[in-house]
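Notes follow once the structure below has been shown.
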Amino acid sequence: MTNQYDLLLVDDDPDLRSLLKQYLEKHGHQVATLSDASQLDRRLARQRPDLLILDLMLPGESGLQVCQRLKLADEDLPILMLTARGDEIDRIIGLEMGADDYLGKPFNPRELLARIQAILRRRKQRGPAGAPDPDGGVVVFGDCQLDLATRRLQRAGQTLPLTSGEFSLLAVLVRYPNRPLSRERLIELSRGREAEAFERSMDVQISRLRKLIEPNPGQPSLIQTVWGFGYVFVPDGKAR
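Be aware that the sequence shown starts at 4, since it is given in our numbering, and climbs by one per residue.
Listed below in structure tokens is the structure:
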């Protein structure tokens, strides 16, 4: 039995929307549909899908523009792009904009289902929040370095202990440098489905991380507070 996913389909073809919605729901998924990008932001603010299926040729803001904008705001949102164009350059541009996969029209709904499952299976294999990232590499900031593959934090050559929660939070911060993240987004990226339980301890773990990595925890320069919003990681420690 396959996992059930929440899918969001944006396409201006009502017949195709209806066909794909029926087919994907028949295979156990929850599917919401929109006809253009104008209502997409409001929808995403209310509920983030497991995967977004996005048509390239949309009225108004194009699928390519939407993909690029969403990936800048939320690099971790899986996007599968659809297009009626046969030109390979569109596929290349779509992937360069951050799309996880690309499917040209016309297509068999069975292939769409297989691609959706493949994208989400690959992402699931990355492991739970707080797990090491074998492909993450080493991130250097200030006099610290964080090895995402081994979960090792070092400062001035000294290894510092990190809990799983502290690692998952710091790993998110270093992956989104100079990008303000709301508390809600930090919680979601750090803990996923455990977000509700993590919310009570996030500020405590921010405080602990500051004590570990900041030159002056009382005046943090690496993990800066964005008042009324959340936090931003500034690798060079300059004031924003």
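Virtual Cβ for every residue (Gly too), placed ideally from N, Cα, C. This one's a predicted model, so the numbers in the text were calculated from it and none came from an experiment.
So residue 237 packs on residue 225, CB below 8 angstroms; how close in whole Å? Start at 1 with the first residue of the sequence shown, and residue 237 comes out as number 234. Start at 1 with the first residue of the sequence shown, and residue 225 comes out as number 222. Residue 237 to residue 225, Cβ: 6 angstroms. Contact.
Decide if residue 196 is buried, meaning its Cβ has at least 16 other Cβ atoms within 10 Å, or exposed. Walking along the sequence shown from the start, residue 196 turns up at place 193. Because residue 196 sits at a pLDDT of 43, beneath the cut-off of 50, its placement in the model cannot be relied upon, and the following sentence gives the value as read from the coordinates. Exposed.
Can you check DSSP and say which residues form a bridge with residue 35? Along the sequence shown, read from residue 1 onward, the residue named residue 35 stands at position 32. DSSP lists 11 as partners of residue 35.
CA-CA distance, residue 34 and residue 110? For the purposes of this step, residue 34 is identified with residue 31 of the sequence shown, where counting begins at 1. For the purposes of this step, residue 110 is identified with residue 107 of the sequence shown, where counting begins at 1. Cα-Cα distance, rounded: 18 angstroms.
Local Cβ density within 10 Å of residue 232, reported as buried at 16 or more and exposed below that: Taking the first residue of the sequence shown as 1, we reach residue 232 at position 229. Residue 232 is exposed by the Cβ-count criterion.
Inter-residue Cα distance where the pair is residue 2 and residue 210: With the chain represented from 4 up to 243, any question about residue 2 goes unanswered, as that position is not in the structure.
Could you give the distance in angstroms between the alpha-carbon of residue 68 and the alpha-carbon of residue 28? Within the sequence shown, residue 68 is the residue found at index 65, counting from 1. Within the sequence shown, residue 28 is the residue found at index 25, counting from 1. When rounded, the distance between both Cα atoms is 28 angstroms.
Reduced DSSP secondary structure (H/G/I, E/B, other) of residue 59: Within the sequence shown, residue 59 is the residue found at index 56, counting from 1. Of the three classes helix, strand and coil, the one that applies to residue 59 here is coil, per DSSP.
By DSSP, does residue 116 sit in helix, in strand, or in coil? One-based indexing of the sequence shown puts residue 116 at position 113. Reduced to three states, the DSSP call for residue 116 is helix.
Looking only at its chain, what residues have a beta carbon closer than 7 angstroms to the beta carbon of residue 122, apart from the 5 residues adjacent to it on each side? Counted from its first residue, the sequence shown places residue 122 at position 119. So the list reads 54, 81, 83, 103 and 104, once near-sequence residues are dropped.
What is the residue span of the alpha helix (DSSP H) that residue 68 lies within? Sequence index remark: in the sequence shown, residue 68 carries index 65 (1-based). Its alpha helix (DSSP H) spans residues 66-76.
State the beta-bridge partners of residue 141 as determined by DSSP. Taking the sequence shown and counting its residues from 1, the one referred to as residue 141 is at position 138. Partner(s): 150.
Leaving out the 5 sequence neighbours to the left and right, which residues in its chain are closer than 6 angstroms to residue 142 when beta-carbon positions are compared? Residue 142 sits at position 139 when you count from the first residue of the sequence shown. Cβ within range, chain order: 149 and 177.
For residue 185, which three-state DSSP category applies? On the sequence shown, residue 185 is found 182 positions in, with the first residue counted as 1. DSSP places residue 185 in strand when its eight states are reduced to three.
Taking the alpha helix (DSSP H) that residue 47 belongs to, which residues open and close that run? Within the sequence shown, numbered from 1, the residue matching residue 47 stands at position 44. Per DSSP, residue 47 belongs to the alpha helix (DSSP H) from 43-49.
Let's test the definition: count the other Cβ atoms within 10 Å of the Cβ of residue 66 and tell me whether it reaches 16, buried, or not, exposed. Within the sequence shown, the letter at position 63 stands for residue 66. Answer is buried; the Cβ neighbour count reaches 16.
Which residues share a DSSP beta bridge with residue 163? Here residue 163 is taken as the residue at index 160 of the sequence shown, counted from 1. Beta-bridge pairing links residue 163 to 156.
Cα separation between residue 168 and residue 215? Taking the first residue of the sequence shown as 1, we reach residue 168 at position 165. Taking the first residue of the sequence shown as 1, we reach residue 215 at position 212. Spanning the two alpha carbons is a distance of roughly 14 angstroms.
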